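Novice: When the sequence shown is numbered by my numbering, its final residue is 1688 and no position is left out of the sequence of numbers. Built from N, CA and C at the ideal position, the CB exists for glycine as well. Since the structure is predicted, the reported quantities are computational estimates derived from the model, not experimental observations. Sharing a structure here in structure tokens format.
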Amino acid sequence: TRHFIIDCDTAEDDIMSLFALIKNGISVEALTIVEGNISYEQEINNALWALEFIGKDVKVYPGSDRPLVKPFRSVEEVHGKGGIGDEIVKPSKLKPENKRAMDAIVELADRYAGELEFLAISPLTNLALAYLKDKSIVDKIKKVWVMGGTAWGRGNITPVAEYNIWVDPDAAKIIFNAGFDITMVPWDVIVNYPINDELWNKIKSMNTKMSQFYIKIYSHYRDYSMKNEKIGGTPHPDLITTSIAIDRSIIKKSERHYVDIENCDCLTRGMTVIDYLDLWKKKANTEVVYEIHFDKFLNLLFDLLKWF
Ligand code: BDR
Ligand code: CA
């Protein structure tokens, strides 16, 4: 069994990522919540509500509700006020844990030392706090999968920065320079693999509970991205990253490089600076994903939509 922590800012794509891990037999030891996308309280509600929908009792740990240094900026315009559109949902039974995310991360890293994998589909604040508390987690966490940054400097929150890294560039700088084994799936890579009209309509006609749930939670995001992102469909940054974590043969092309993060309050805040020519002669700290096998990703997505 593989053991995962999933760290998220619970919008539509984060929710499907959680489902994908569970569906594929991965043991999700914790869901840690970090600031991002929408209000913090709604992120927690969404996580518990989603777990009720699939009938799983994964432990949900509240973590940081703001970046380490910078002021927080949410993106309700992208995901809707509720993160799954404008509807505000609440769980009826499940409750979050009392323990904080950073404490849970440190404890689980101990318990599953050498085996634990960390899926970060959100800003890196919780992981940075856990690391600042106990630096030995670097050697205990086997892999950090990151949805974030850009490969070629085409961002979504600024022209050159991707949202997850931009929200807390100070946390990201700590994590990228800490010595973790990181695989990074950049925003400007995943925009090449949108769910277009044809695929969207195919999902709409599926009539499973899961496909209906998918259409419900992605509709707002789809409308937003069709109008604003100019990529001909709905992007799936978190779910593509998760799929790669589940089955790394989905990666078609990746390279190892030294990556650093710009954390100034400046034009390029949050940019992932990739030393692709090895000009700095620093040890590569990141596997950067450049291309994926889209057909394999779609197989994983459609299997998930047929789950029930
Ligand atoms: C990332 O930011 C969030 O809005 C998404 O869930 C994804 O993790 C994309 O930039
Ligand atoms: Ca996310």
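List in chain order: all unbroken beta strand (DSSP E) runs of 3+ residues lying wholly within the segment 1487-1536.
Specialist: 1496-1501, 1521-1527
Novice: Kindly identify the DSSP beta-bridge partner or partners of E1432.
Specialist: For the purposes of this step, residue 1432 is taken as the residue at position 52 of the sequence shown. Partner(s): none; E1432 has no beta bridge.
Novice: Taking the Cβ atom as the reference point for each residue, do K1470 and E1495 lie within a distance shorter than 8 Å?
Specialist: Reading the sequence shown from its first residue, position 90 is the one you call residue 1470. Reading the sequence shown from its first residue, position 115 is the one you call residue 1495. No, the pair does not count as a contact, with Cβ atoms beyond the cut-off.
Novice: What's the call for T1390, buried or exposed, on a 16-neighbour Cβ count within 10 Å?
Specialist: Looking up residue 1390 in the sequence shown gives position 10. Counting Cβ neighbours within 10 Å, T1390 comes out buried, since at least 16 surround it.
Novice: Under the rule that 16 or more other beta-carbon atoms within 10 Å means buried, what is I1437, buried or exposed?
Specialist: Working through the sequence shown from its first residue, we reach residue 1437 at position 57. Per the sequence presented here, residue 1437 reads as Asp, with Ile not at that position. Flag for D1437 reads exposed.
Novice: So, are the CB atoms of L1488 and E1409 less than 8 Å apart?
Specialist: On the sequence shown, position 108 is the one that residue 1488 refers to. On the sequence shown, position 29 is the one that residue 1409 refers to. Cβ atoms of L1488 and E1409: closer than 8 Å.
Novice: Compare the C-alpha of V1393 against each of F1498, P1539, I1464 and name the closest.
Specialist: In the sequence shown, residue 1393 corresponds to position 13, counting from 1. Correcting the residue identity first, residue 1393 is Asp in this sequence and not Val. Looking at the Cα atoms, I1464 is the closest of the given residues.
Novice: Can you have a look at P1615 and say buried or exposed, based on whether 16 or more other CB atoms are within 10 angstroms of its CB?
Specialist: Mapped onto the sequence shown, residue 1615 falls at position 235. Buried, since its Cβ has 16 or more Cβ neighbours within 10 Å.
Novice: Among N1425, K1520, Y1656, which residue has its Cα nearest to the Cα of R1491?
Specialist: As a working mapping, residue 1491 is identified with position 111 in the sequence shown. Nearest option by C-alpha distance: K1520.
Novice: What is the C-beta distance between P1351 and T1505, in whole angstroms, given that I count them as a contact (C-beta under 8 Å)?
Specialist: In this structure the chain extends from 1381 to 1688, so residue 1351 is not present and cannot be described.
Novice: Taking all protein chains shown into account, do 16 or more other C-beta atoms lie within 10 angstroms of the C-beta of W1347, making it buried, or fewer, making it exposed?
Specialist: Absent from the model: residue 1347. The displayed extent of the chain is 1381 to 1688, so no value can be given.
Novice: In three-state terms, what does DSSP make of S1629?
Specialist: Numbered from its first residue, the sequence shown carries residue 1629 at position 249. Of the three classes helix, strand and coil, the one that applies to S1629 here is helix, per DSSP.
Novice: To the nearest angstrom, report how far apart D1645 and R1453 are at their CA atoms.
Specialist: Position 265 of the sequence shown holds residue 1645. Position 73 of the sequence shown holds residue 1453. Answer to the nearest angstrom: the Cα atoms are 14 Å apart.
Novice: Let me check you understand the geometry: is the CB of S1502 closer than 7 Å to at least one non-hydrogen atom of ligand 1?
Specialist: Within the sequence shown, the letter at position 122 stands for residue 1502. Because some heavy atom of ligand 1 lies under 7 Å away, the Cβ of S1502 counts as near it: yes.
Novice: Along the chain, where does the alpha helix (DSSP H) containing S1397 start, and where does it finish?
Specialist: Counting from one through the sequence shown, the residue named residue 1397 turns up at place 17. That run of the alpha helix (DSSP H) goes 1392-1403.
Novice: T1621 by DSSP, collapsed to three states: which one?
Specialist: One-based indexing of the sequence shown puts residue 1621 at position 241. T1621: helix per DSSP, three-state reduction.
Novice: Straight-line CA distance for K1439 to M1590?
Specialist: To locate residue 1439, count along the sequence shown from 1; it is residue 59. To locate residue 1590, count along the sequence shown from 1; it is residue 210. Cα-Cα distance, rounded: 22 Å.
Novice: Return helix, strand or coil for S1407, following the three-state DSSP convention.
Specialist: For the purposes of this step, residue 1407 is taken as residue 27 along the sequence shown, with counting starting at 1. The answer is strand: DSSP assigns S1407 an E or B state.
Novice: Is any heavy atom in ligand 4 found nearer than 7 Å to the beta carbon of C1646?
Specialist: Summarising the ligand content, the structure contains ligand 1 and ligand 2 and does not contain ligand 4.
Novice: Check this for me: beta carbons of T1563 and V1669, under 8 Å apart or not?
Specialist: As a first step, residue 1563 is located in the sequence shown; it is residue number 183 there, counting from the start. As a first step, residue 1669 is located in the sequence shown; it is residue number 289 there, counting from the start. Against a cut-off of 8 Å, the Cβ pair of V1669 and T1563 comes out as a contact.
Novice: Does any heavy atom of ligand 2 sit closer than 7 Å to the C-beta of A1430?
Specialist: Numbered from 1 along the sequence shown, position 50 holds the residue referred to as residue 1430. No; taking the cut-off as 7 Å, the Cβ of A1430 has no heavy atom of ligand 2 nearer than that.
Novice: Per DSSP, what kind of secondary structure is R1446 in: helix, strand or coil?
Specialist: If you number the sequence shown from 1, residue 1446 lands on position 66. Residue state, collapsed to three classes: coil.
Novice: Given this structure, state the Cα-to-Cα distance separating K1475 from A1484, to the nearest angstrom.
Specialist: For the purposes of this step, residue 1475 is identified with residue 95 of the sequence shown, where counting begins at 1. For the purposes of this step, residue 1484 is identified with residue 104 of the sequence shown, where counting begins at 1. C-alpha separation (whole angstroms): 16 Å.
Novice: Is E1542 near ligand 1, judged by its Cβ being under 7 Å from some heavy atom?
Specialist: As a position in the sequence shown, residue 1542 is number 162, starting the count at 1. Answer for E1542: yes, Cβ within range of ligand 1.
Novice: Grouping DSSP H, G and I as helix and E and B as strand, with all else coil, what is S1472?
Specialist: Along the sequence shown, one-based indexing puts residue 1472 at 92. DSSP places S1472 in coil when its eight states are reduced to three.
Novice: Smallest Cα separation from H1459: which of F1674, T1648, S1605?
Specialist: Locating residue 1459 in the sequence shown gives position 79, where the first residue counts as 1. Minimum Cα distance to H1459 is reached at S1605.
Novice: Pick helix, strand or coil for D1389, following the three-state DSSP scheme.
Specialist: Within the sequence shown, residue 1389 is the residue found at index 9, counting from 1. D1389 falls in the coil class under three-state DSSP.
Novice: Could you work out which residue in N1417, F1674, C1388 is closest to V1569 when comparing CA atoms only?
Specialist: Here the question's residue 1569 lines up with position 189 in the sequence shown. By alpha-carbon distance to V1569, the top candidate from N1417, F1674, C1388 is F1674.
Novice: Between which two residues does the beta strand (DSSP E) containing K1671 stretch?
Specialist: On the sequence shown, position 291 is the one that residue 1671 refers to. The question names Lys, yet the displayed sequence has Glu at residue 1671. Per DSSP, E1671 belongs to the beta strand (DSSP E) from 1666-1672.
Novice: Spatial neighbours of S1472 within its chain, please: C-beta separation below 8 Å, excluding the five flanking residues on both sides.
Specialist: The residue given as residue 1472 occupies position 92 in the sequence shown. Taken in chain order, the residues that qualify are E1432.
Novice: So, under 8 Å CB-CB, I1611 and I1595 are touching, yes? Tell me the CB distance rounded to an integer number of Å.
Specialist: The sequence position of residue 1611 within the sequence shown is 231, counting from 1. The sequence position of residue 1595 within the sequence shown is 215, counting from 1. In fact, because the Cβ distance is near 19 Å, the residues do not count as touching under 8 Å.
Novice: Rank N1557, I1672, K1663, K1632 by C-alpha distance to the C-alpha of Y1511 and give the top, closest one.
Specialist: Locating residue 1511 in the sequence shown gives position 131, where the first residue counts as 1. Y1511 has its Cα closest to that of N1557, out of N1557, I1672, K1663, K1632.
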